[in-house]
Amino acid sequence: MKILVQQQKALNMLDIAAKFVSKNSTLPILQNIYLKASIDSLLIRATDMEKYVEIEIPCEVQIEGAITINAKTFLDILKTIESENIELSVDQKTNIMTIKTPKDTFDINGIAASEYVALPEVPQENSFVLDTLAFSKGIDHVEYAVTEKSFSPVLTGVLMKTGKGDASNKLIFVGTDSFRLSEYRVNHTNASDFSLIMPKALVNDMRTVVNFAIGKEVADMKVNYSENLIAFSFVIEDIKIIATSLLIQGNFPEYEREEVLPTQFVTKVMLDKNECEKAIRKIGILTRDINNFIQIETKDSKVVISSGKTDKGAGITELAAIIDGEPLTFAVNGRYISDFIKNMESDTLVFNIINSQKPVVLMDKDEENNRYVVRPLINN
126 MKILVQQQKA
136 LNMLDIAAKF
146 VSKNSTLPIL
156 QNIYLKASID
166 SLLIRATDME
176 KYVEIEIPCE
186 VQIEGAITIN
196 AKTFLDILKT
206 IESENIELSV
216 DQKTNIMTIK
226 TPKDTFDING
236 IAASEYVALP
246 EVPQENSFVL
256 DTLAFSKGID
266 HVEYAVTEKS
276 FSPVLTGVLM
286 KTGKGDASNK
296 LIFVGTDSFR
306 LSEYRVNHTN
316 ASDFSLIMPK
326 ALVNDMRTVV
336 NFAIGKEVAD
346 MKVNYSENLI
356 AFSFVIEDIK
366 IIATSLLIQG
376 NFPEYEREEV
386 LPTQFVTKVM
396 LDKNECEKAI
406 RKIGILTRDI
416 NNFIQIETKD
426 SKVVISSGKT
436 DKGAGITELA
446 AIIDGEPLTF
456 AVNGRYISDF
466 IKNMESDTLV
476 FNIINSQKPV
486 VLMDKDEENN
496 RYVVRPLINN
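Anchor point for the sequence shown: position 335 equals 460 in this note's numbering, and the numbering is continuous, going up by one each time.
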């Protein structure tokens with residue numbers, strides 16, 4: 126194998142591929158990426174056996190061939206190279222890949238390409254085209270609410286489903302850890318109904334791909350799915366990327382019930398998100414050791430946020446608010462509110478409240494497609 130390829134293009138694609146490489150496997154082959162030169166392109170593959178990526182970039186192929194190389198080592202070397210183009214050559218007998226520029230030469234030990242695992246076929250049963258920016262917004266607004274580990278696997282993934290009834294022209298993204306839940310809706314019309322749970326790890330790794338596509342002004346992506354697999358395909362200028370993953374099996378919680386995600390409220394509070402974030406940060410100094418417990422009281426035209434008595438002391442702060450409804454007091458995890466604020470697009474945060482024991486629904490004043498529900502903390 127011997128090729129000439131653009132350094133920046135190779136670096137960008139290896140950065141994406143490295144996200145899909147196994148982080149914990151003791152098998153060296155799963156810490157490697159697969160490289161295959163054929164005709165006029167370089168094929169790059171990476172997997173952790175749950176999610177997979179395949180990337181094709183143009184290059185000048187002088188000798189066809191294939192090898193697998195440690196992803197981190199290769200990526201770290203490419204980051205240091207300043208040459209516009211790099212030459213990659215492989216001794217198929219020793220499985221050593223040489224990286225060469227006018228100033229640099231690196232010999233990297235590899236493993237034979239024949240040892241690499243087979244990637245699954247892209248499912249062909251169902252497919253649709255999705256706006257790239259809409260997908261990016263969907264995952265960004267819900268992923269942070271998904272738990273890392275849970276006895277229930279469905280809570281470790283992001284639900285993507287078609288809407289029904291009044292939401293039939295929407296694609297809905299949902300994430301939850303059972304203590305909070307975020308729902309985000311994007312405009313989308315699909316011929317068939319579906320409900321899929323994507324692993325959080327896939328969603329996180331897809332960000333790099335999606336952001337690269339958005340940066341190159343790629344408007345659409347193709348989604349293929351089956352009962353067990355989902356694949357996202359991109360054509361970005363002269364680069365092709367396909368990211369595939371196993372889906373999480375199971376039934377996502379039925380959250381669209383009034384007792385879980387209320388729609389009728391007693392009190393509505395509107396306040397500046399930045400002032401609210403500052404207040405939570407102040408009180409949080411005293412509540413870090415007690416699940417970030419904060420108490421919120423609405424009265425007159427202000428909101429009072431307090432810590433109650435803690436081992437560190439007690440604190441209270443006030444901020445201006447527009448309040449419609451009865452005065453109420455409730456307690457929540459302050460970090461949950463801060464997480465929502467970080468993903469808001471407007472400056473006005475809205476609290477929709479029933480009482481101290483019912484779920485609180487937070488919304489962005491100018492973003493009706495995002496609903497975020499938080500279970501209150503009950504202080505016995």
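Note that beta-carbon positions come from the ideal geometry of N, C-alpha and C, so glycine has one too.
Contact set for residue i: own chain, Cβ-Cβ below 6 angstroms, skip 5 residues either direction
i	result
T111	The requested residue 111 is not part of the displayed model; the chain covers only 126 to 505.
L296	V311, H313
R413	none
M395	I447, T473, V475
L168	K161, E181
Y269	D464
K144	D330, T333
C401	L474
G263	F298, Y309, V311
E250	S351
R460	N417
Beta-carbon spacing of residue i, residue j below 7 angstroms
i	j	result
M346	T473	no
A404	I430	yes
F390	I479	yes
K393	D302	no
K424	P452	yes
A135	K161	no
I367	L321	no
G300	V267	yes
M126	I188	yes
T442	K483	no
M488	K398	no
N349	S252	yes
N458	N495	no
A456	P501	yes
V343	V283	no
L139	L200	yes
K176	S426	no
Which of helix, strand or coil DSSP assigns to residue i
i	result
P324	strand
F298	strand
K424	strand
I144	One point to set straight first is that residue 144 is Lys, not Ile, in the sequence displayed. K144: helix per DSSP, three-state reduction.
T226	coil
V279	helix
F260	helix
F304	coil
Y241	coil
I206	coil
Q132	helix
K161	strand
D77	Since the displayed the chain opens at 126 and closes at 505, residue 77 lies outside it and no answer follows.
G433	coil
S150	coil
S252	strand
Q482	coil
I466	helix
L502	coil
D489	strand
Q156	helix
E212	strand
I265	A quick correction: the sequence has Asp, not Ile, at residue 265. Helix.
L453	coil
N477	strand
G438	strand
D173	coil
D472	coil
G459	helix
Beta-carbon contacts of residue i that lie in its chain and below 7 angstroms, excluding the five residues immediately before and after
i	result
D583	The structure shown does not extend to residue 583, since the chain spans only 126 to 505, so no value can be given for it.
P278	I373, G375
T287	L296, N315, D318, F319
I164	V186
Residues of its chain near residue i, where Cβ-Cβ distance is below 8 angstroms and the 5 sequence neighbours each way are ignored
i	result
Y241	I154, N157, Y159, R170, T193
K340	According to the sequence as given, residue 340 is Gly; it is not Lys. Nothing meets the Cβ criterion.
S261	R332, V335, N336, I339
E273	T281, K325
L152	none
S147	L155, Q156, T172, D173, M174
Y497	A270, R305, L306, S307, E308, F465, V486, L487, M488
S166	E181, I182, P183, C184, V186
field: Secondary structure, beta strand (DSSP E): runs of 3+ residues fully inside the segment 310-374
entry: 320-324, 345-350, 354-361, 364-371
field: Minimum length 3: unbroken beta strand (DSSP E) runs contained in the segment 380-416
entry: 392-397
- prompt: Looking at C-beta atoms only, is the number of pairs between the segment 198-210 and the segment 127-141 that lie closer than 8 angstroms three or more?
  reply: yes
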